[in-house]
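Data first, discussion second: the structure below is written as structure tokens.
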Amino acid sequence: MFELLTTEQMARADQLTIADGTSGYALMQAAGQAVADFLRQRWSLRPVLVLCGPGNNGGDGYVIAQRLRAAGWPVHLASLTDTSLLKGDAALAEADWQGQVLTPAAIDWSVPQLIVDALFGAGLSRPLEGAGAEIVAQVNQLGLPVIAVDVPSGLDGNTGRVRGASIDALHTVTFFRAKPGHYLHPGKRLCGEVHIRNIGIPARTLTEIVPNTFLNEPDLWCKVFPKPDEKAHKYARGAAYVLCGGPFESGAARLGAMAALRSGAGIVKMLCPGAAMQVNACHLTEVMLQRADSAADISEILSDGRITSLLAGPGLGVGQITREKVLAALRHKERVVLDADALSSFQDDPEMLFSALRAEDVLTPHPGEFTRLFGDLLVETGDRLSAVRLAARRAGCVVLLKGDDTVIATPSGQTAINANGSPWLATAGSGDVLAGIIAGLVAQGMPSFEATCASVWLHAEAGHLSGPGTIAGDLVEGLPNVLGQL
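Its first residue numbered 25, the sequence shown is counted upward by one per residue in the numbering used here.
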């Protein structure tokens, strides 16, 4: 269930299901039952307040209230709107509710121990204000456990952005498939733990919807994850080369090189200026070294047809020399992963870089580097998903925007959002390790989008495994265990 649907695509899934013979009210009944079951599984019987809005999300709330009441729970229900204004399935659900409908002003906030937020769903089209914003503020102030239906009210299901005000939920129960806003900040935090429930929408509806946004889970890429067979030799497992800068900045490149090796590349070699050869030789055993002082040297070395990927950027230095080396690498057939200094070196002329990139190359910026290459795209779009998708189209290659809600996109618009991020990754050199994992998987022939998604997931799992006190080298050393578990 790794597909993520926009609010428009989810509405289409509902329409297709209804056209196939399942009534909209049957879907609403199933949704309400799913939330009621979730509450009963998580908590013992206690007073619950169900807050209902004017649309189908509110209709779900009436079903939830009725199912809990039938199970013996003390249920209080309040509606943000006059029930006479309800239409369609929501009106049917309200008619089935056998209890009292309170106005917001009549709520006794001292009674409930749980709150169900069924005010507004993911398709909210305007900022939450007035009575809606007031009740959201009241709920958040109480600090009680809140279970949101579909998304917390006030949250945009497509972007994860807050529209005016938003419920801060402990759990969110959504249906059929999750939405991008469940995993993009601030939505990721406001949703709490997300639970997906099947309500009778058949998976075959996805073949007509054709989603292009996914949650980054192993099911997304495990089928193309490289695995050596008994006949494999080192060149069959791919050759990843790493560009190195000066001797005092060489640690970043070594982290990337070791990560490429640990992620399965059969051969990893660092191309170093003469001044950095000795320090690298003192630190490295399994990674080979070759002297390369200039762009011409790099171009000559890369003419070896056995090289399958190249990592450039970590500790490489910012400036003209790095630009020349990167452009030289991009003239050869191996796929290139660009990080750190290789990105910042093109901040004055991003188009110079974009014109040289190929669809299977990979850029791995953090937000600052992203802004240097793509200007105010994050601000202009207002959400990471749209920004990265546009950036990939503009650059003509795979783009990864790092963060707790890392986003990966291709030029064609295929996009993934990562959800297993670890706070222990916030340490110097962590990004160099991530870039090296990508280079290692790409070197083995894994498609670049899937390799980038897999690397982000593996990197985060290594952070979780290592835990408190993690430094970047621990992530490299932890990769074999993570790969073994995978």
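From the three backbone atoms N, C-alpha and C, an ideal C-beta is built for every residue, glycine too.
Span separating the alpha-carbon of residue i from that of residue j
i, j, result
"R213", "D192", "8 Å"
"C246", "G288", "15 Å"
"G452", "P71", "In the sequence under discussion, the amino acid at residue 452 is Ala, which differs from the Gly named in the question. Cα-Cα distance, rounded: 48 Å."
"L28", "V234", "10 Å"
"D328", "N182", "46 Å"
"D69", "A227", "The question names Asp, but residue 69 in the sequence shown is Leu. Going by the C-alpha atoms only, they are around 34 Å apart."
"G45", "L279", "57 Å"
"Y49", "M34", "16 Å"
"A380", "P374", "10 Å"
"A172", "D141", "5 Å"
"Q165", "W133", "11 Å"
"T430", "N444", "10 Å"
"L354", "M301", "24 Å"
"V135", "L335", "60 Å"
"A43", "A37", "10 Å"
"K203", "A283", "32 Å"
"S333", "I159", "55 Å"
"I331", "G262", "7 Å"
"G145", "K258", "53 Å"
"G337", "E393", "12 Å"
"A320", "G205", "47 Å"
"D61", "M312", "58 Å"
"A115", "G79", "9 Å"
"A276", "D456", "6 Å"
"F200", "G464", "35 Å"
"K349", "I322", "7 Å"
Residue environment, residue i, which counts as buried when at least 16 other CB atoms sit within 10 Å
i, result
"L267", "buried"
"N222", "exposed"
"A95", "exposed"
"E358", "buried"
"T198", "buried"
"T231", "exposed"
"M25", "exposed"
"P15", "Absent from the structure is residue 15, since the part of the chain shown begins at 25 and ends at 510."
"Y207", "buried"
"T31", "buried"
"R91", "buried"
"D407", "buried"
"L109", "exposed"
"Y23", "Outside the displayed span of the chain (25 to 510) sits residue 23, for which this structure offers no information."
"M376", "exposed"
"K293", "buried"
"V403", "exposed"
"C306", "exposed"
"E254", "exposed"
"Q53", "buried"
"S274", "buried"
"R66", "exposed"
"P447", "exposed"
"D174", "buried"
"S318", "exposed"
Per DSSP, the bridge partner or partners of residue i
i, result
"S318", "S318 is not bridged to any residue."
"S333", "A264 and R359"
"F238", "E27 and A440"
"E217", "H195"
"C296", "R315"
"V423", "L387 and A433"
"D141", "L75 and A172"
Close-in-space but distant-in-sequence residues of the same chain around residue i (CB under 7 Å, 5 per side omitted)
i, result
"V186", "G178, L179 and P210"
"G188", "P151, L152, E153, A157 and G178"
"D428", "H209 and G445"
"V506", "L482, E485, A486 and L489"
"Q468", "P250, R261, G262, G288 and A289"
"V325", "Correcting the residue type first, residue 325 is Ile in the shown sequence and not Val. Here the set comprises L295, Q314 and A316."
"G126", "Per the sequence shown, the amino acid found at residue 126 is Leu instead of Gly. Cβ within range, chain order: H100, L101 and A102."
"G564", "With the chain covering 25 to 510 only, the question about residue 564 has no answer from this structure."
Min CB distance residue i to chain C below 8 Å
i, result
"V59", "Looking for chain C here will not work: only one protein chain is present."
Own chain residues within Cβ distance below 6 Å of residue i, not counting five before or after
i, result
"T476", "V386, V422, L424, I432 and I462"
"E384", "R359 and S472"
"G147", "T31"
"L1", "This structure cannot speak to residue 1, because the chain is shown only from 25 to 510."
"P242", "none"
8 Å CB neighbourhood of residue i in its chain, flanking five on each side removed
i, result
"V342", "D365, S368 and S369"
"A260", "P252 and G290"
"L168", "P136, Q137, L138 and I139"
Any non-hydrogen atom of the ligand NAD closer than 7 Å to residue i Cβ
i, result
"A283", "By its list of ligands, the structure shown contains no ligand whatsoever, and the ligand NAD lies outside what it can speak to."
Supposed close pair residue i, residue j - CB separation, criterion 8 Å
i, j, result
"V77", "L51", "Residue 77 is actually Gly in this sequence, not Val. With a Cβ gap of about 17 Å, G77 and L51 do not count as contacting."
"V361", "V466", "7 Å"
"T196", "C215", "4 Å"
"N81", "L143", "7 Å"
"T439", "V412", "7 Å"
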